[in-house]
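Chemist:
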Amino acid sequence: MIKRMESVEQASCSGWRAGLSDPLVMKFGGTSVGSGAAFRRAAGTVAGEAAKQRPVAAVVSAMSGVTDTLLAYAEATARLDGTGQTATGSTLEGSLAELHRSLYERHLDAAREAVGPALLPGVERELLSVLESLLGSLTDEHPSEAARRAGVVVHGERLSAVVLAAAISTAGVPAEVAPDPIATDSAFSEAEVDVERTRARCAERVEPVLRRGSVAVVPGFVGRDRQELPTTLGRGGSDLSATVLGRGIGASEVWILTDVPGVLDADPRLVEGAGTLPEMSYREAHLFAGLGAKVLHHRTMEPAAAAGIEVSVKNSFAPGEWGTRISARECGRGVRCVAVRDGLSIGVLSAGERTAGKDVLCALGCDGGGLQVLREVGADGEVAAVVGIGAPTDADLVRGLASLAASGIEHLWAGSTALGLTFVVGSADARFALGALHGALVGRTESGVESEVPA
Ligand code: ADP
Ligand code: ASP
Ligand code: MG
78 MIKRMESVEQ
88 ASCSGWRAGL
98 SDPLVMKFGG
108 TSVGSGAAFR
118 RAAGTVAGEA
128 AKQRPVAAVV
138 SAMSGVTDTL
148 LAYAEATARL
158 DGTGQTATGS
168 TLEGSLAELH
178 RSLYERHLDA
188 AREAVGPALL
198 PGVERELLSV
208 LESLLGSLTD
218 EHPSEAARRA
228 GVVVHGERLS
238 AVVLAAAIST
248 AGVPAEVAPD
258 PIATDSAFSE
268 AEVDVERTRA
278 RCAERVEPVL
288 RRGSVAVVPG
298 FVGRDRQELP
308 TTLGRGGSDL
318 SATVLGRGIG
328 ASEVWILTDV
338 PGVLDADPRL
348 VEGAGTLPEM
358 SYREAHLFAG
368 LGAKVLHHRT
378 MEPAAAAGIE
388 VSVKNSFAPG
398 EWGTRISARE
408 CGRGVRCVAV
418 RDGLSIGVLS
428 AGERTAGKDV
438 LCALGCDGGG
448 LQVLREVGAD
458 GEVAAVVGIG
468 APTDADLVRG
478 LASLAASGIE
488 HLWAGSTALG
498 LTFVVGSADA
508 RFALGALHGA
518 LVGRTESGVE
528 SEVPA
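Going by the working numbering, the letters in the sequence shown line up with residues 78 to 532, in that order.
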């Protein structure tokens, strides 16, 4: 189920804002720091904003592919057999040496392109120290396997933070790594943020750097539990790190810099011709991210909405362009974007199930047979839901049904749910239905069919 967001009133942080004057948080995803040229571009963008005499904190993801590599190593070294061999059959020593070599080379190659010669020896030393800590995390004792996995995987962000800080300094603005300001519980793979402890840690770890006139480079994705053990915010969690940090330092703006021009009105990997949304409301972005719009981690909007932070999603290759601005402002009638969720089944909530369980995506409605729900059942699911998010009208429902019929797609259920305008179809039709409904509904605000539909 998609979590509800707190309202601004519940989590007001106006008192906190007295500290720094108008700080900006800029987050760079994995492809935006995927090479030396990308680091150089990101550093130039950060330095450009910092040169406007504004405190800037840069949140950085691991270089693209590094998190997957680290997770694979954590997995392969989890259970060594009696011969000291990893799950893939290589010796532990050989396997760790290879990991060390490949990560060192990749980050050093990037640094050679983005960092000036005076700072390069320091970067080499820091990379070696992070890599030593990584090897320790793969071999040391941990309280649990989940703690070990988190302790390993956060090193990807630590490595990229070293390179980005030096690249920003090379671009002419002093920068320092400000590690781990986010406090969490001990749910290691997808930890819950502790807002108050995070504020205190931001005051200790990030604000002094900003007050010194340096850019604070914060490794994304990582948190610390009460025992100071590393935790993670879940895959794609650097987006959430950015808005959590924004709330922690009283920022009014967070930029998410990525490899697309903004939030597109459908997943561009599934729909040709998806367009960039210039504006979205927190509510819309929260629902869209919750339904899998990968450009935003599914909980990114929660701190932003609670603290009233404007989030801009921008292309890191063209940061001067508008992108998508996300705020409390609702954007008017009509369907603004469409998402698809597969692996579902239609079920009836039994009398014993008084509250909808975690596997319930949304309720469809109630008739004599009971409360019908869409359940998330994974590979066993035979149906999919295409959801139109925004402020759909009855005319959109009629128009959507007509477009499915015209495309020869049978709908199994259609109507409004808490998620938006929902069309349930067979899994085999999911992608086709998404394309048809995108074409028929998105960007249509006129109410042509509405007069034919009872209010
Ligand atoms: P980053 O590494 O910057 O965090 P991600 O790969 O996590 O980037 O997210 C960006 C990717 O999300 C895009 O390349 C795109 O393929 C995918 N994506 C899926 N749905 C959407 C959407 N609605 N709008 C934009 N991008 C989307
Ligand atoms: N590096 C982490 C991941 O790949 C976090 C992120 O990129 O946001 O999931
Ligand atoms: Mg991402």
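All C-beta atoms, glycine included, are put in the ideal place defined by N, C-alpha and C. Small disclaimer: the values here were computed from a predicted structure and weren't measured.
Looking at the ligand ADP, does it come within less than 6 Å of Thr108, judged from the CB to the closest heavy atom?
Modeler: yes
Chemist: Please indicate yes or no: does the CB of Thr261 lie closer than 6 Å to some heavy atom of the ligand ASP?
Modeler: no
Chemist: Should Gly313 be counted as a contact of the ligand MG given a C-beta to heavy atom distance under 6 Å?
Modeler: Yes, the Cβ of Gly313 comes within 6 Å of a heavy atom of the ligand MG.
Chemist: Run through DSSP, which three-state label would Arg402 get?
Modeler: strand
Chemist: Any heavy atom of the ligand ASP inside 6 Å of the beta-carbon of Leu138?
Modeler: With the sequence shown as reference, residue 138 is identified as Ser, and Leu is not the correct amino acid for it. It does: the Cβ of Ser138 is within 6 Å (strictly closer) of some heavy atom of the ligand ASP.
Chemist: Below 8 Å on the Cβ atoms is my guess for Val425 versus Leu514; work out the distance and round it to an integer in Å.
Modeler: Beta-carbon to beta-carbon, Val425 and Leu514 are separated by about 26 Å, too far to satisfy the 8 Å threshold.
Chemist: Taking the DSSP output, what are the residues bridged to Ala134?
Modeler: Val102, Ala293
Chemist: Given 6 Å as the limit, tell me if Thr144 has its C-beta closer than that to any heavy atom belonging to the ligand ASP.
Modeler: yes
Chemist: Glu126 to Val133, Cα distance in whole Å?
Modeler: 7 Å
Chemist: Shortest alpha-carbon distance to Leu236 belongs to which of His375, Val143, Ile486?
Modeler: Val143
Chemist: Curious, which full-length alpha helix (DSSP H) runs of at least 4 residues does the segment 241 to 316 contain?
Modeler: Taking only runs of at least 4 residues, the alpha helix (DSSP H) segments lying wholly in the segment 241 to 316 are 272 to 282, 284 to 288.
Chemist: Could you check the C-alpha separation between Gly193 and Leu211 for me, to the nearest Å?
Modeler: 26 Å
Chemist: Are there any heavy atoms of the ligand ADP lying less than 6 Å away from the beta-carbon of Asp336, as far as the coordinates show?
Modeler: Yes, the beta carbon of Asp336 sits closer than 6 Å to at least one heavy atom of the ligand ADP.
Chemist: For Gly367 and Thr320, I'd like the C-alpha separation in whole angstroms.
Modeler: 16 Å
Chemist: Could you give the distance in angstroms between the alpha-carbon of Glu191 and the alpha-carbon of Val110?
Modeler: Position check: residue 191 holds Ala in this sequence, whereas Glu was assumed. Between Ala191 and Val110, the C-alpha separation is close to 11 Å.
Chemist: Who are the Cβ neighbours of Leu97 in its own chain at under 8 Å, not counting the five residues just before and after it?
Modeler: Contacts found: Pro132, Glu284, Leu287, Arg288, Ile326, Gly327.
Chemist: Within the 7 Å Cβ cut-off, does Ile403 reach chain D?
Modeler: Absent from the structure is chain D; it holds one protein chain and no more.
Chemist: At 4 residues or longer, what runs of the alpha helix (DSSP H) sit wholly inside the segment 156 to 227?
Modeler: List check, alpha helix (DSSP H) in window: 169 to 191, 197 to 216.
Chemist: Contact check, Val417 vs Ala507 under 8 Å by CB: the rounded distance?
Modeler: 5 Å
Chemist: If you measure between the beta carbons of Leu518 and Ala462, is that distance less than 7 Å?
Modeler: no
Chemist: Quick one: using the 10 Å Cβ neighbour count with 16 as the cut-off for buried, is Ser533 buried or exposed?
Modeler: Residue coverage of the chain in this structure runs from 78 to 532, which leaves residue 533 outside it and unanswerable.
Chemist: Where Thr494 and Pro469 are concerned, what is the direct C-alpha to C-alpha distance, given to the nearest angstrom?
Modeler: If I take the Cα positions, the gap works out to 11 Å.
Chemist: Mind checking whether the beta-carbon of Lys371 lies closer than 6 Å to any heavy atom of the ligand ADP?
Modeler: For Lys371, the Cβ falls inside the 6 Å cut-off from some heavy atom of the ligand ADP.
Chemist: Hey, Val331 and Lys129 are a contact pair by Cβ (cut 8 Å); roughly how many whole angstroms apart?
Modeler: So it is not a contact: roughly 16 Å between Cβ atoms.
Chemist: Check whether the Cβ of Phe298 sits closer than 6 Å to any heavy atom of the ligand ASP, and report yes or no.
Modeler: yes
Chemist: Do you know whose CA, among Val102, His232, Ala187, Met82, lies nearest Leu148's CA?
Modeler: His232
Chemist: Quick one: Cα of Thr216 to Cα of Pro345, how far?
Modeler: 41 Å
Chemist: Gly442: buried (16+ other C-beta within 10 angstroms of its C-beta) or exposed?
Modeler: exposed
Chemist: Have a look at Val388 and Arg402 and give me their C-alpha separation to the nearest angstrom.
Modeler: 6 Å
Chemist: Rounding to the nearest angstrom, what Cα-Cα distance links Ala224 and Val200 in this structure?
Modeler: 28 Å
Chemist: Using a Cβ-based criterion (distance less than 6 Å to any ligand heavy atom), does Val231 qualify as near the ligand ADP?
Modeler: no
Chemist: If you reduce the DSSP assignment to three classes, tell me which class Arg418 lands in.
Modeler: Residue state, collapsed to three classes: strand.
Chemist: Residues in the same chain with beta-carbon distance under 6 Å from Ser291, minus the five sequence neighbours each way, listed in chain order, please.
Modeler: Pro251, Ala252, Glu253
Chemist: Say yes only if the C-beta of Arg346 is nearer than 6 Å to one or more non-hydrogen atoms of the ligand ADP, and no if none qualify.
Modeler: yes
Chemist: Kindly confirm or deny that the segment 393 to 400 and the segment 333 to 349 touch, where touching means at least three C-beta pairs closer than 8 Å.
Modeler: yes
Chemist: Between Glu356 and the rest of its own chain, which residues show a CB-CB distance below 8 Å, the 5 nearest in sequence each way excluded?
Modeler: For Glu356, where only same-chain residues beyond five positions count, the Cβ hits under 8 Å are Thr401, Arg402, Ile403, Ser404, Arg406, Cys408.
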